[in-house]
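According to mature numbering (1 follows the signal peptide of the UniProt record, and there is no 0), the residues represented by the sequence shown are -22 to -1, 1 to 144, in order.
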Amino acid sequence: MRRLQVFIAAALSVMAAGTALAQGQVYRCPGNNFTNSITAKEAEQRGCKVVEGGNVTVVQSPRLPVAKAPAAAPAERPAGSRVSDAEQRARDSDARRILESELQREEEQLAALQKEYNNGQPERLGNERNYQKYLDRVAELKASIARKEADIEAIRRELAKLPPAQ
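In structure tokens form, the structure reads like this:
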């Protein structure tokens, strides 16, 4: 009787080990889904591959709602109100004044660069005995003039977006 109990216990443990081994097989299915609850045949039908070499831990996280941009603080702007026309005109005139001063400063810098460039023939400096240094400075002046012209055009585009001065 004792031998029968030992035999049954051994048989049950082998069966449990086989079940545990079968459940321990982890498959990676299309869509980056991992599972250990399908058979080898089902895995083959679904196109799943066996994951080997370590344990896999999958943690499901809840979907977080998309955060909206924070609303303006009540002290800055009462809810539902808009900027008054007078305040908007003041803002526009300030922006125009700032852009016009920047435009004037950029145009002055461009004129100075163009004067120094001298139509591609700037005066050689004392430290430019090496002709390559002179050529490098000429190329840098030309690039600086192109950047200033682009900056001026950008400022003019911004000025054109503003309503006309009153």
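By construction, the Cβ of each residue, glycine as well, lies at the ideal position given by its N, Cα and C atoms.
Since we're looking at a predicted model, the values are computed, not measured.
Which runs of the beta strand (DSSP E) spanning at least 3 residues fall entirely within the segment 64 to 115, listed in chain order? List check, beta strand (DSSP E) in window: nothing returned.
Give the secondary structure of Arg41 by DSSP, where H, G and I count as helix, E and B as strand, and everything else as coil. Arg41: coil per DSSP, three-state reduction.
What does the Cβ neighbour count give for Tyr5, buried or exposed, with the cut at 16 atoms within 10 Å? That one is buried.
Using 8 Å as the cut-off, can you tell me whether the segment 103 to 119 makes contact with the segment 66 to 74, which would need three or more C-beta pairs spanning the two stretches below that distance? No, because fewer than three Cβ pairs between the segment 103 to 119 and the segment 66 to 74 fall closer than 8 Å, the two stretches do not touch.
Check the DSSP bridge columns for Val28 and list the partner residues they point to. Paired residue(s): Tyr5.
For Ile76, does the count of other Cβ atoms within 10 angstroms reach 16, so buried, or fall short, so exposed? By the 10 Å Cβ count, Ile76 comes out exposed.
So, Leu88 versus Ile130, is the Cβ gap smaller than 8 Å? Closer than 8 Å, so yes.
Quick test of your reading: Arg102 and Tyr95, contact by CB under 8 Å. State the CB separation rounded to the nearest angstrom. So it is not a contact: roughly 13 Å between Cβ atoms.
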